[in-house]
Each structure stands twice: as structure tokens, then as C-alpha cells.
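Data first, discussion second: the structure below is written as C-alpha cells.
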Amino acid sequence: MTLEDLDILQVAEDYPITPKEHSTPFLMAHRHLWLRSQKQHATLQVRAEVVKAIRNFFDDRGFRLMDTPILTPSACEGTTTLFETEYFDQKAYLSQSGQLYNEATAMAFGKVYCFGPTFRAEKSKTRKHLIEFWMVEPEVAFATLEDVTALGEELVLFILERVLSRRRADLEVLERDTAPLEKVKKPFIRLTYERTVELLRERGSAIKPGEDFGAPEEGLLSEIYDTPVCVTHFPAAIKAFYMQPAPDRPDLVLGVDFLASE
């Protein structure tokens, strides 16, 4: 090899991330370099595979992607977690959900989904709360509760199969135990809200009928079952206004929550 010309773009500075434990604030301050680490690279590879799997799942089943607005005039999930901003002479909010737009487009296209960033003004540092996160929301015109439950079940299994088959090496880098993921099979456990409360109380939970589930209840449920659980027929009082009442029990709604351990 013969060198004919050399341009120095920049003299290298000392690399700040040394082979030792660093705090998250320190690593975030050097995020552009942290991204080059093996675990960060693996994390983003897995995330990209999940995103691709979600799009493939819905596109292959005849759904149409709808890009719902990020700045919206209304709340979908409650007014206490809204990010408010000035929109000329009006108020606007960072979107909590694209659902209300999806419900309109579903009546035009039959099957639609939106997939993008959503925001919640929740000042909480827990594993369950993020200020900004990506959420996929499908809508199917005239779907039944069982249709919705089956679709969610198929989506979860499709994503798991795709990630396990294509990103196993990245999961090993992240030291992720894949055994719990590999044994997830259908059908998922299906329980009504009332039956779930009974099971939780039998295991020592202090939850009362009519109360929503929190992290302790969800954790206890994952100890009872080692597979995802579909909980249906919640009290209307603890769910959003747009959920359909059950025909035989108008105090309950035809909604489903998928609960699973981490």
C-alpha cells in the first residue's frame, strides 16, 4: 500500500467511555458514542426488528397505515397527562393516542392502523412509564371482542417468532433469557375482570371489585400464569368512554387487556 495523500479531519480526543461501569446520566451525556457499544447496538437492532414485524403483520393482513396527527386539539386518555402547547391563537396537545382518528378512517377503509410516537406528561421514573413512546393502534370496523383478542394474540406471537428467529444473537448480547419467550403459545389464558379479581384475592391481594389493576396485581397475575393473560369485561367506570358496553351487562365494557410478565 502506497500513501499518496492524507487529510486529517480531526485530532482524536481521549475516548470518554472507558471499560468500567458508568452512570446513566454520564452515558446519556455521551449518547452519540454510547450508541456504538455492543449492547446499545443490539438493543436498537431488536427494536428495528419489532417495528418491521409490526408493519409486516398488519400490511400482510390488508390493514392500511394511517399517519395520525401528533399535534391534536383533544385528549384521548385523560386530561391530567397532556403536554400543552400554543397553536397560534388556540391550544394544542401532543398526541396521547391516534385512536379517535383511527375510528373515523376505519369506517372508510375497514381495517387501519397507526404506528408512531405518543406522549404522556407523567413525571415518573419507573419501568412502566415513559414520557414518549411508540404505540401501534389497529382498528377494525365491526370487529367483535373475540376478533380483537385473537388479533392481539396473533400479533404478539408473530413478533416473538420474528425476533427469536432473526435477532437471537442480539438477545444473547443483551443477556436476555429467551426461554420464557419461546414457550409463549396460543391460546392465551382468557379471564373476565371479575374472575381475575377473585383469583388475586385468593392469593392475598387487597384489590376490591371495581378497582383497576396496578403493578402489584399485574405482577401477581404473572406469578399465577406463565403465559400472557387476556382480561376482558372491565367495569365501565374504570375504562374510557369510547368502549362498547356489554349487551347483557351495561356496567361492563367489551374491552381486553393483555397482561404478561417481563
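For my numbering, add 40 to where a residue sits in the sequence shown, where the first one is 1. Don't be surprised by glycine CBs; every beta carbon is placed ideally from N, CA and C. Keep in mind the model is a prediction, meaning the values are calculated, not measured.
Check                                                                                                                                                                          : Outcome
Please report the distance separating the alpha-carbon of residue 283 from that of residue 293.                                                                                : 6 Å
What residue from 171, 80, 50 and 242 has the CA that sits closest to residue 64's CA?                                                                                         : 80
According to DSSP, simplified to helix, strand and coil, what is residue 50?                                                                                                   : coil
In terms of alpha-carbon separation, which member of 78, 233, 91 and 44 lies closest to residue 249?                                                                           : 233
Do you know offhand how far residue 100's Cα is from residue 42's?                                                                                                             : 53 Å
Can you tell me whether residue 27 is buried or exposed, with buried defined as 16 or more other CB within 10 angstroms of its CB?                                             : Beyond the ends of the chain as shown, which are 41 and 302, falls residue 27; an answer cannot be given.
Would you list, in sequence order, the uninterrupted beta strand (DSSP E) runs of no fewer than 3 residues that lie entirely inside the stretch 96–143?                        : 124–127 and 130–134
Just checking, does the stretch 266–286 make contact with the stretch 178–195 on the three C-beta pairs under 8 Å criterion?                                                   : yes
Do the stretch 235–245 and the stretch 100–117 touch if we need at least three Cβ pairs shorter than 8 Å?                                                                      : no
Beta-carbon within less than 8 Å of residue 218's beta-carbon, same chain only, minus the 5 sequence neighbours each way: which residues are those?                            : 204, 208 and 211
Compute the distance between the beta-carbons of residue 121 and residue 161, then report whether it is under 7 Å.                                                             : yes
With three or more beta-carbon pairs closer than 8 Å as the criterion, would you say the stretch 55–75 touches the stretch 163–177?                                            : no
In three-state DSSP terms, what is residue 66?                                                                                                                                 : helix
Excluding the five sequence neighbours on either side, which residues of its own chain have a C-beta within less than 8 Å of the C-beta of residue 316, listed in chain order? : Nothing in the structure corresponds to residue 316, since the chain is present only between 41 and 302.
Assuming residue 166 and residue 136 make a contact with CB atoms under 8 Å, what is their CB distance in whole Å?                                                             : Not confirmed; about 18 Å, so no contact.
So which of 132, 129, 290 and 143 has the shortest CA-CA distance to residue 104?                                                                                              : 143
If you measure between the beta carbons of residue 247 and residue 237, is that distance less than 7 Å?                                                                        : yes
What are the partner residues of residue 179, as DSSP defines its beta bridges?                                                                                                : 152
Just mark residue 51 as buried or exposed, buried being the case when its beta carbon has 16 or more other beta carbons within 10 Å.                                           : exposed
For the beta strand (DSSP E) that residue 214 lies in, which residues bound it at each end?                                                                                    : From DSSP, residue 214 is part of no beta strand (DSSP E); its letter is neither H nor E.
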